[in-house]
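In my numbering, the protein residues as written are 3 to 180.
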């Protein structure tokens, strides 16, 4: 049945492999996969993908959703390294990096999607906290004494018709020079 979906060059390979191995009727799925992978995915290629998968880490510029997609793609090709849902969840959490691992370790996630949702929640909180710090700055604004002193200088200058205190000083200096 699979043969009908093969492209020209793959179909030609299959025809030859089928003849050399005593026909499709005598071949198991595992034998077919071994032949097919041997033909189209070299050992070096599989080793590189395996290494990429085992060493993968979420990049700083990568969101949790983007990382999930990259993780799923590589884990699909390395399914023998991810035999069950629990292993998949643990590998995903480890690959997210220290900030996520610290917050997610010890929690039992029933499904992979639950772990992804938790990572997204952590990412959202981190983004919100970073944004809050960026807009509010390190301090909580000027002290009450600074505000009242500044306001009195401004109101005194405004009542004299001179504008801001800085402008008042400039005009005072110019009048003394002239």
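The beta carbon of each residue, even a glycine, is placed where N, CA and C say it ideally should be.
Excluding sequence positions up to five before and after residue 111, its CB lies within less than 7 Å of the CB of 91, 117, 120, all in the same chain and listed in chain order. A residue is called buried once 16 or more other Cβ atoms fall within 10 Å of its Cβ, and residue 97 is buried on that count.
Residue 114 holds the alpha-carbon nearest to the alpha-carbon of residue 84 among 35, 62, 114. Using a 10 angstroms sphere on the CB of residue 130, the tally of other CB atoms stays under 16, which defines it as exposed. Along the segment 101-130, the alpha helix (DSSP H) does not occur as any fully enclosed run of 4 or more residues. About 7 Å separates the beta carbon of residue 51 from that of residue 76, a gap short enough to meet the 8 Å contact definition. Taken through DSSP and simplified to helix, strand or coil, residue 53 comes out as helix. Spatial neighbours of residue 109 in its own chain (CB-CB distance under 8 Å, excluding positions within 5 residues in sequence) are listed in chain order as 120. Per DSSP, reduced to three states, the secondary structure at residue 86 is coil, with no helix or strand assignment.
In the DSSP assignment, residue 81 falls outside any alpha helix (DSSP H) and carries neither an H nor an E.
By the Cβ neighbour-count rule, residue 67 is exposed, with fewer than 16 other Cβ atoms within 10 Å of its own. When DSSP states are grouped into helix, strand and coil, residue 30 belongs to the coil group. A distance below 8 Å between beta-carbons, with the five flanking residues on each side excluded, links residue 39 to the following residues of its chain, in chain order: 48. Just measuring C-alpha positions, the residue of 89, 65, 78 sitting nearest residue 128 is 65.
In this structure residue 35 is exposed. Its beta-carbon is surrounded by fewer than 16 other beta-carbon atoms within 10 angstroms.
Taking a C-beta distance under 8 Å as the contact criterion, residue 73 and residue 58 qualify as a contact pair.
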